[in-house]
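K.L.:
Residue numbers (the working numbering): 2 to 241.
I have a structure here, written as structure tokens, and I will follow up with some questions on it.
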Amino acid sequence: MIEQKNGVFPAVCPLDCPDTCGLLLHKEDGKIIKVTGNPEHPVTQGAICNKVRNMTERIYHNERILYPLKRTGAKGSGEFTRISWEGAVQEITGRYRELIAEYGSESILPYSFYGNMGILSVDGMDRRFFNALGASRLDQAICNSAGSSGWKYTMGFKGGTSPEDTEFADLIIVWGGNLMSTNMHQVVYAEKARKRGAKVVVIDVHKNRTAQWADWFIPLYPGTDTALALGVMHVLFRDG
Ligand code: SF4
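Put into structure tokens, the structure is as follows:
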């Protein structure tokens, strides 16, 4: 058994969220008793969301799944039996082996994405594993790939804007994003820009919290984004 020290330990949020907030784990008697934001993190600066602030409730919840379970009844019936870790690995690799022997390794289609967005774990072991296995290739995510491709075609590289640069913008357009609920650190930078006189425009199908906070809310019908984008482009080119 590894000795668990008491104290406050720096960590990084393990959830599937690009902000990867710096955390401080407060430990007593081998248990995490509190999770707070790390004020020394340059971007997240100690601000974390409620999901993770209350994470100890989930970590120590009596219904948390701690062991592999095998479904023994019909799907949805909720019937499971606990199996060993070795048994779970055998189940999965055994099925892989059968598929590869019968249909070839391309019969396996990995459908994984980030899980944790830390620089060490992102795009990591799952890719290597499935490449080594010779599995079929998929562009991994259905949510991210369209945006990345659009960015690449427009800007010439696959990337994004630096969150810190938001502070220096004069016009911030939030198109189909609810920053207030899902991107709280960006709001802090946008608010700094606003204090300098920047304007925030929100384009969305409903007046969410971000739209209420914006200087200008532009509502549109679902599916009409392209028409608006083409219209904006037309004016930009026409007026130089
Ligand atoms: S915003 Fe919440 S979920 Fe996202 S990285 Fe920070 S603490 Fe984790």
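Beta carbons: idealized from backbone N, C-alpha and C, even for Gly.
Identify the residues that DSSP records as bridge partners of A170: which are they?
P.N.:
According to DSSP, which records beta bridges pairwise, A170 is partnered with nothing at all.
K.L.:
Could you tell me which residues DSSP puts in a beta bridge with V36?
P.N.:
Beta-bridge pairing links V36 to L26.
K.L.:
Is the number of C-beta pairs between the region 100 to 118 and the region 128 to 135 that are closer than 8 Å three or more?
P.N.:
Judged by Cβ distances under 8 Å, the region 100 to 118 makes contact with the region 128 to 135, as three or more pairs qualify.
K.L.:
Find the nearest neighbour of P15 within the set L231, H62, Y115, Q187, judged by alpha-carbon distance.
P.N.:
Among L231, H62, Y115, Q187, the Cα nearest to that of P15 is on Y115.
K.L.:
Please confirm whether R83 and Y61 have their CB atoms less than 7 Å apart.
P.N.:
No, these two residues do not count as a Cβ contact at 7 Å.
K.L.:
To the nearest angstrom, how far is it from the Cα of S122 to the Cα of D20?
P.N.:
Cα to Cα, the separation comes out at about 14 Å.
K.L.:
Determine the burial state of V201: buried for a count of at least 16 other Cβ atoms within 10 Å of its Cβ, exposed for fewer.
P.N.:
By the neighbour-count rule (16 or more Cβ atoms within 10 Å), V201 is buried.
K.L.:
Skipping 5 residues on each side, what residues in its chain have a beta carbon closer than 7 Å to that of D240?
P.N.:
No residues qualify anywhere along the chain.
K.L.:
Quick check: what's the CA-CA separation for V90 versus A142?
P.N.:
Straight-line Cα distance between these residues: approximately 25 Å.
K.L.:
Check whether the Cβ atoms of V9 and L25 lie closer than 7 Å to each other.
P.N.:
Yes, these two residues count as a Cβ contact at 7 Å.
K.L.:
Using only Cβ atoms and a threshold of 5 Å, which residues come within that distance of a heavy atom of the ligand SF4? Order them by chain position.
P.N.:
In chain order, the qualifying residues are C14, L16, C18, D20, C22, I49, C50, V53.
K.L.:
Would you mind giving the Cβ-Cβ distance between V36 and V53, rounded to the nearest angstrom? I have them listed as a contact below 8 Å.
P.N.:
Right, the Cβ-Cβ distance comes to about 6 Å (below 8 Å), so this counts as a contact.
K.L.:
Is DSSP giving P223 helix, strand or coil here?
P.N.:
P223 falls in the coil class under three-state DSSP.
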